[in-house]
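Number of protein chains: 2
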Amino acid sequence: MTVKVITVGEDILGANEEKAKANKSRLDGYGILTINIMSSPGAGKTSLIMSTIKSLKEKARMAVIEGDVASSMDADKINEMGIPVVQINTAGGCHLDANMVESALNGLPLEKADLLFIENVGNLICPNAFLLGEDKRVMISSMPEGDDKPYKYPAMFADSDVVLLNKIDLQPHLDFNVDGFKKTVTGLNPDVILFPVSCKTGEGMEAWLDWLESAVKGKKKR
Amino acid sequence: MTVKVITVGEDILGANEEKAKANKSRLDGYGILTINIMSSPGAGKTSLIMSTIKSLKEKARMAVIEGDVASSMDADKINEMGIPVVQINTAGGCHLDANMVESALNGLPLEKADLLFIENVGNLICPNAFLLGEDKRVMISSMPEGDDKPYKYPAMFADSDVVLLNKIDLQPHLDFNVDGFKKTVTGLNPDVILFPVSCKTGEGMEAWLDWLESAVKGKKKR
Chain A
63 MTVKVITVGE DILGANEEKA KANKSRLDGY GILTINIMSS PGAGKTSLIM STIKSLKEKA
123 RMAVIEGDVA SSMDADKINE MGIPVVQINT AGGCHLDANM VESALNGLPL EKADLLFIEN
183 VGNLICPNAF LLGEDKRVMI SSMPEGDDKP YKYPAMFADS DVVLLNKIDL QPHLDFNVDG
243 FKKTVTGLNP DVILFPVSCK TGEGMEAWLD WLESAVKGKK KR
Chain B
63 MTVKVITVGE DILGANEEKA KANKSRLDGY GILTINIMSS PGAGKTSLIM STIKSLKEKA
123 RMAVIEGDVA SSMDADKINE MGIPVVQINT AGGCHLDANM VESALNGLPL EKADLLFIEN
183 VGNLICPNAF LLGEDKRVMI SSMPEGDDKP YKYPAMFADS DVVLLNKIDL QPHLDFNVDG
243 FKKTVTGLNP DVILFPVSCK TGEGMEAWLD WLESAVKGKK KR
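Heads up: the protein sequence lines correspond to chains A and B, in order. Residue numbers for the first sequence follow this note's numbering, so the first one is 63 and each next one is one higher. Residue numbers for the second sequence follow this note's numbering, so the first one is 63 and each next one is one higher.
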């Protein structure tokens, strides 16, 4: 067995953290709750954002930053919903960083927003190491990926405030141990809030929406 | 819209390519067909390898290199099947490189193998940039990830010899346009071989196994 550690240089992460702090204080100035959404490719980040927009449209003014290696498919969908959106194409980069987010913020009407979603690049490994200026980190783990993901990608589960277990509508067709999954996730992250949801059927979404609405209000009050 | 290009230094990729060539010529010396298997987390890399081992056990001598950020769960499963296996833990690294594979090769009985699977880290972005010494690149795209993945992660689809569309048993429960997916993939990669399969039910596996057996024989003959 061979183990090789690849470490991102501390200078890179340090510089990113400084920029992330600047983004956060800029967003704080507007009282915007900022959510960094991370997951594997195809776990449902865009579906979650679109479903949340539909439900909260009358209750909060939203904006979106879309991160993708290529294409503007997701931003186009959000744009069609009448929500301000900026697409970041990383052209091969496997995560967003605070510099990219700073540029994107310049393209958004921040004075008219209460809630900002930053959809990170689909990747369970690297996004976790880069702060963007977010208040909360929300990760999505989808049932078809399997219940062993927390063992294999522990850092992202450990560092997220909320884990959404998505695509629970597929449970009858999968071998997925929900209790085992919950136990592993809370073992890595005792403070995590876990919501089993289906963005497709709407099952479980109310608990997520309640949490989010309350977090938006809490941010405004500060 | 802001676009930022993050490029891995040419020196790093150049050094990796040299090492990959050395790995390849070492494996060629033994007449071993080497397959680099890439996919998102949870798309079915280990399931494919295990299912293939079961079917080809009497026809080819196999060995496996398992790449994961953390844990040795997958290597343990392969080991239980009586197949030589080495686990690489990247400790945060989001792809395998040729150096890691070289170390792993030192731990395998190459003189007793016809077919080597290298299971890359679950990631649709970075593994693609790093040659390991493989003969063929096989990627798995699983149906629940959605039919838009080739648009969003085009490089891996473009650079793979074979694309396995896995978890087709879930098709009745998903909105997945198979013809659209095939069209996009062949648009990116006209020479690609595409096999729709279910590692769970075995559907479609025969075509993949036939292709693989024939490739093993072809390599031995050279």
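Just so you know, even glycine gets a beta-carbon here, dropped at the ideal spot from N, CA and C.
Within chain B, C156, N185, L186, I187 have C-beta atoms less than 8 Å from the C-beta of A:N185, given in sequence order. If the five residues before and after B:Y215 are omitted, its C-beta is found closer than 8 Å to the C-beta atoms of L186, I187, all from its own chain and listed in chain order. Under DSSP, B:Q149 takes part in a beta bridge, and its partners are B:E128. Sequence-ordered contacts of the segment 96 to 120 of chain A with chain B read S102, P103, G104 [C-beta pairs closer than 7 Å]. Between A:I115 and A:L178, the gap from beta carbon to beta carbon reaches 7 Å or more. Nearest CB-CB separation between B:Y215 and chain A: below the 7 Å threshold. Beta bridge pairing from DSSP links A:K198 with A:I97. Using a Cβ-Cβ distance cut-off of 8 Å, the segment 195 to 209 of chain B and the segment 101 to 110 of chain B are in contact, since at least three pairs of beta carbons, one from each stretch, lie closer than that value. For the segment 194 to 214 of chain B, the set of residues with a beta-carbon nearer than 7 Å to any beta-carbon of chain A comprises S204, P206, E207, G208, D210, K211, Y213, K214, in chain order. Relative to the Cα of B:D209, the nearest Cα in the group B:E196, B:K198, B:D176, B:F243 belongs to B:F243. For B:T248, the CB contacts under 7 Å within the same chain, skipping 5 residues up- and downstream, are V254 in chain order.
For the pair B:A153 and B:A132, the Cα-to-Cα distance works out to about 6 Å.
In the DSSP annotation of this structure, the continuous segment of the alpha helix (DSSP H) that includes A:V247 starts and ends at 240 to 250. For B:P103 against A:E207, the beta-carbon gap comes to about 6 Å, under 8 Å, which counts as contact. At a C-beta separation below 8 Å, A:V254 has no neighbours in chain B, since its nearest C-beta there lies roughly 18 Å away.
The three-state secondary structure of B:N168, taken from DSSP, is coil. In the structure shown, B:F179 falls within a strand segment according to DSSP collapsed to helix, strand and coil. The Cβ atoms of A:M218 and A:N190 lie closer than 7 Å to each other. In the structure shown, the three-state DSSP call for B:P258 is strand.
Taking 9 Å as the upper bound on Cβ-Cβ separation, chain B lies near residues D130, V131, A132, S133, S134, M135, D136, A137 of the segment 128 to 143 of chain A. Of all residues in the segment 220 to 247 of chain A, only K229, L232, H235 come within less than 7 Å of chain B when Cβ atoms are compared, listed by chain position. Residue pairing by DSSP places B:S204 opposite B:N228 in a beta bridge.
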